[in-house]
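Residue numbers (the UniProt record's numbering): 1 to 236.
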């Protein structure tokens, strides 16, 4: 292959990656705001940013605002998720990124293509995440032959990879645990609070999400059943 042809192929590749990222950002930016990333428990679920264990209040990575005021308490209703599904108008291609399994083996996110995939973003310090974990364990037990269940922890200053591994093992969960040590998925999907659940079709395209904690196992299974029956188009 000539040098010119290789250059053209590289340009096409990077345009495709940027296009996928732009599509995801355009969709998510309607629901997330970097200036107000606080997420709270809604009528059927909840989500949190980093939580102050001494006061019970939630705080962003920037801590309190410049005027000294605190960020909203995690139980205050804000413009965030309530555990209900939000579909995309069309499937959105996802740029590939690298994650790590609990054994330290790196793998591309595209590994999960071929089966529909549910990705749950969680962190050990989030109580709502812990509340909904039994539902995802049940989903893994029930659907593992036809569905990828990806429990994704993104280590940060308050949560090491080992913290996540220890918590899952101590609780007796057997679902696959994955770690995004470089926060690539966090950036790709614009995750500003926990928990967040993302749905992908078998082609690896983003088709919908749940912002906040899922209210029950039944609700999660309903979403999964619709995902599995999805041939093309959007969720719900």
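Glycine residues also receive a C-beta, built at the ideal position from the N, C-alpha and C atoms.
Owing to the predicted nature of the structure, the values given are computational and were not obtained by experimental measurement.
Option nearest residue i by Cα separation, candidates the options
| i | options | result |
| --- | --- | --- |
| residue 196 | 225, 211, 149 | 211 |
| residue 213 | 100, 144, 134, 103 | 134 |
| residue 237 | 156, 90, 95 | Absent from the structure is residue 237, since the part of the chain shown begins at 1 and ends at 236. |
| residue 177 | 94, 96, 101, 90 | 101 |
| residue 96 | 166, 188, 201, 226 | 188 |
Neighbourhood of residue i by C-beta distance below 8 Å, restricted to the same chain and skipping five residues each side
| i | result |
| --- | --- |
| residue 98 | 106, 107, 108, 109, 182, 184 |
| residue 62 | In this prediction, residue 62 has a pLDDT of 34, which is less than 50 and means its spatial position is unreliable; what the coordinates show is noted afterwards. Excluding positions up to five away in sequence, the list is empty. |
| residue 137 | 173, 174, 175 |
| residue 186 | 121, 154, 180 |
Residues near residue i in its chain [Cβ-Cβ closer than 7 Å; skip 5 each side]
| i | result |
| --- | --- |
| residue 132 | 195, 213, 214 |
| residue 32 | Reliability of the predicted coordinates at residue 32 is poor, the pLDDT of 41 falling under 50, and the value obtained from them is presented with this limitation in mind. Answer for residue 32: 190, 192, listed in chain order. |
CB of residue i within 8 Å of CB of residue j, strictly
| i | j | result |
| --- | --- | --- |
| residue 151 | residue 175 | yes |
| residue 228 | residue 116 | yes |
| residue 124 | residue 180 | no |
| residue 149 | residue 161 | no |
| residue 92 | residue 223 | no |
Local conformation of residue i per DSSP, three classes
| i | result |
| --- | --- |
| residue 195 | coil |
| residue 202 | coil |
| residue 89 | strand |
| residue 96 | coil |
| residue 207 | strand |
| residue 101 | strand |
| residue 106 | strand |
| residue 140 | helix |
For residue i, the residue or residues it bridges with in DSSP
| i | result |
| --- | --- |
| residue 122 | 153 |
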